[in-house]
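J.: If you're matching them up, the sequences are chains A and B in order.
Using our numbering, you'd call the opening residue of the first sequence number -8 and step up by one each time.
Using our numbering, you'd call the opening residue of the second sequence number 616 and step up by one each time.
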Amino acid sequence: MSEVRLHLQASAGTLAVARIVVCLVWLSRLLRDPIHQLGYLPAELWHAYGAMRLLPDSFVAVLIDPVSLSVLRAVAIGLAVLVILGTRPQRLTLAAFFAVLIVYLGVSRGFGGHVNHRELVLLYVTGLLFFLPIFDACALHEGQLRDAAVYRSSMIAICLLIAVSYLFVGLARATMGFPVVFDPEVMRGWLVGRSLRPNPLGIEFGAAFLDGPASNYLIPLMLPVSTLMEILAPAALWLRRRYRIALLIGLGSMHLGIALLMNIVFIENILLLALFVDYTPWMERLSQRRRSSSPPPYAVNTPNSAIIPRMIAAATRSGPANSPRSIGASYFRCMKNPTTSRNFAADRVSRSGTSSGRSASM
Amino acid sequence: MPLSPELLELTLRATLEALLIAVAFWIMLFTLGAARHLARLGAVRVVVFSAFMVFWIAVHLADRGQYFYPQPASFYPAARFAMYEAGEPRETIPSYRLEGRFADGSAREIDLASFFPSVDLASLDSRMLSVSSGLRSGDPRARSLAERELEGYVSGIRSILAARNEPPLVEVSFHATRHLISDRTLVLDTVPWSESAWRPGNE
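(1) Report yes if the C-beta distance between residue 61 of chain A and residue 53 of chain A is below 8 angstroms; otherwise report no.
(2) Would you list, in chain order, the members of the segment 752 to 767 of chain B that have their beta-carbon closer than 7 angstroms to a beta-carbon of chain A?
(3) Let me know the secondary structure DSSP gives residue 717 of chain B once reduced to three states.
(4) Determine which residues of the segment 684 to 697 of chain B have a Cβ less than 9 angstroms from any Cβ of chain A, and write them out in chain order.
(5) Quick check on residue 204 of chain A - is its C-beta less than 8 angstroms from some C-beta in chain B?
(6) Are there 16 or more other CB atoms within 10 angstroms of the CB of residue 282 of chain A, so buried, or fewer, so exposed?
(7) Please report how far the alpha carbon of residue 178 of chain A lies from the alpha carbon of residue 745 of chain B, in whole angstroms.
(8) Among A/207, A/242, A/74 and A/56, whose alpha-carbon lies nearest the alpha-carbon of residue 132 of chain A?
(9) To the nearest angstrom, report how far apart residue 214 of chain A and residue 162 of chain A are at their CA atoms.
(10) Work out the CA separation of residue 164 of chain A and residue 625 of chain B for me, nearest whole Å.
(11) Please report the residue range of the alpha helix (DSSP H) in which residue 735 of chain B lies.
(12) Against chain A, does residue 793 of chain B count as a neighbour if the rule is that its beta carbon must be under 8 angstroms from one of theirs?
(13) Answer with yes or no whether the minimum CB distance from residue 836 of chain B to chain A is below 8 angstroms.
(14) Between the alpha carbons of residue 28 of chain A and residue 733 of chain B, how many angstroms are there, rounded?
(15) Mind the definition here: the segment -3 to 14 of chain A touches the segment 253 to 271 of chain A only if three or more C-beta pairs lie below 8 angstroms; say whether that holds.
(16) Please identify the residue among B/742, B/788 and B/802 whose C-alpha is closest to the C-alpha of residue 808 of chain B.
(17) Is residue -1 of chain A close to chain B, meaning its C-beta is less than 8 angstroms from at least one C-beta of that chain?
(18) Just list the residues that DSSP pairs residue 709 of chain B with in beta bridges.
(19) Tell me, to the nearest whole angstrom, how far the beta carbon of residue 706 of chain B is from that of residue 796 of chain B; I am working on the premise that it is less than 8 angstroms.
(20) Could you work out which residue in B/742, B/669, B/696 and B/635 is closest to residue 104 of chain A when comparing CA atoms only?
(21) Can you give me the start and stop residues for the alpha helix (DSSP H) that residue 176 of chain A sits inside?
(22) Taking residue 93 of chain A as the reference, give the member of A/112, A/78, A/228 and A/76 with the closest Cα.
(23) Look up residue 804 of chain B in the DSSP assignment and say whether it is helix, strand or coil.
(24) Is there a Cβ of chain A sitting closer than 8 angstroms to that of residue 790 of chain B, yes or no?
(25) What do you reckon, are the CB atoms on residue 109 of chain A and residue 259 of chain A nearer than 8 angstroms?
(26) Any heavy atom of the ligand MG closer than 7 angstroms to the Cβ of residue 148 of chain A?
(27) In whole angstroms, give me the CA-to-CA distance for residue 284 of chain A and residue 142 of chain A.
(28) With 8 angstroms set as the bound, which would you pick, yes or no: does the beta-carbon of residue 331 of chain A sit closer than that to a beta-carbon of chain B?
(29) Can you tell me which residues form a DSSP beta bridge with residue 787 of chain B?
(30) Hey, is residue 107 of chain A's beta-carbon within less than 8 angstroms of any beta-carbon in chain B?
(31) Out of A/160, A/150 and A/212, point me to the one whose CA is closest to residue 221 of chain A's CA.
(32) Does DSSP classify residue 666 of chain B as helix, strand or coil?
(33) Check whether the segment 688 to 697 of chain B touches the segment 34 to 43 of chain A, taking contact to mean three or more Cβ pairs, one atom from each stretch, closer than 8 angstroms.
(34) With DSSP collapsed to three states, give me the class of residue 703 of chain B.
(35) What residue does the beta strand (DSSP E) around residue 723 of chain B start on, and which one ends it?
(36) Just the C-alpha distance for residue 117 of chain A and residue 149 of chain A, rounded to the nearest angstrom, thanks.
Here's what the structure looks like:
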């Protein structure tokens, strides 16, 4: 287990999909979050945590308002869409998205009793994306292609960040709570405490579980097994595929169990686990199937039948690589060659007649 | 200043946590070769990534007051990543309940998390347990602060009900409760705060 086995075939497309996945997870959070309802609470209830103390009081007074919070949410959604599309200015858009998310999460946390870390790892991954070449594929304005190793290293950095968040939680419990915290009665007490709350999903699994006979056998296992999986989470980068999938299923089940039994939903973390799956071969198979089965996207015998290929050819033959003329062709190329940056490099060579030293060095 | 046995134990445990994190990172980065991969990102990215990780680890180790409200020092958006890290067996567990009587004559438990789902349930819980503690304390200032907090949350609920054109709250009461862990029996139910100030037209 001495070599990282994750994302062995990573390409510009792999990292681009990671960008899209992260933004889709944010969208799933933002679209169903009625944050404007916090605007009905008096601003004096809001506690400024950490960086939120930098905001002027006058700004906070304007921000804690149903209309302002709706606008904040709309801006965040809009920026997420722009990052998915990869429109220019890409880095500025991503930086603005990151800053808006810090304020967004700071507002919701300010009305709570502590800074929970539910979406924070997603926030950190978003911040990390700023430094990675995430717009080199599947973007309306694509960047210069690089060595495939850069894309793989980027995916490893993202996955390492996510895995480390589990490691922190597991080590904190093992060192600060061992052995008392692993007493089954401690876990039972926490389950009871959570089951007393109305369940937002309307399903009282916690109470039913506590009343059932299985709880006597399962409760003693819950915390030790969860802690072990959390500490082992970074091993997902080095494990063989089948063991890695087993670990991911275990971590996903842990989140699901916490949601059902304790009413604490970590849906964002479950979705982020998808980035530990080697999906590049799937992209390759999907693109091959599309190439072999799909008919030409234009009618062959019509007078204008050559317009689309001519447009693509014009966009790919002349002008700078990222000229607005190539916009329509970008997604086409992404689906054509999503797997290897070598293919992207060859594609770019054929388009511009030149190649950067880095892509040529592969 | 002499260390109490509890503080000494906490210090030793925190030191062990820091050591294990350092060992884990050493193994991941150098023994198992993750650093070699990260180096391919280029010097600037490696420096930024390393600086963030060091900062995050420092906050993780330092942010020990995270679960106490109001938190005197916070490093948000960085935070300690820990949950259910300490506890001990006990017979009862404190809880709370917010009950409301509405203008249509109905009476039911008010689920704060359904009115303010943006605030995570766990985070709302810790705030309400802090309010509950303030209401039951003998300190008039703590009680007054807790009352103001509850009045604020209830006024928010009233505004949301009005915005949704739902029957307004006529009366609301906050129950500080305690339950047996063994069978969830309610063993204590006090009402340290209630409000029935609403009248039609005074919204």
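We treat Cβ as the ideally placed atom computed from N, Cα and C, and that holds for glycine.
Here the structure is a predicted model, which means the values were calculated and not measured.
T.: By the coordinates alone:
(1) no
(2) 764 and 767
(3) strand
(4) 684, 685, 686, 688, 689, 690, 691, 692, 693, 694, 695, 696 and 697
(5) no
(6) exposed
(7) 21 angstroms
(8) A/74
(9) 12 angstroms
(10) 13 angstroms
(11) First-last for residue 735 of chain B: undefined, no H or E at that position.
(12) no
(13) In the structure as shown, chain B begins at 616 and stops at 818. Residue 836 of chain B is therefore absent and cannot be evaluated.
(14) 8 angstroms
(15) yes
(16) B/788
(17) no
(18) B/793
(19) 6 angstroms
(20) B/742
(21) 175 to 186
(22) A/112
(23) strand
(24) no
(25) yes
(26) Summarising the ligand content, the structure contains no ligands, and the ligand MG is consequently not present.
(27) 29 angstroms
(28) Confidence is the limiting factor: at residue 331 of chain A the pLDDT is only 42, short of 50, which leaves the residue's position unreliable and the question unanswerable from this model.
(29) B/715 and B/810
(30) yes
(31) A/160
(32) helix
(33) yes
(34) coil
(35) 722 to 724
(36) 9 angstroms
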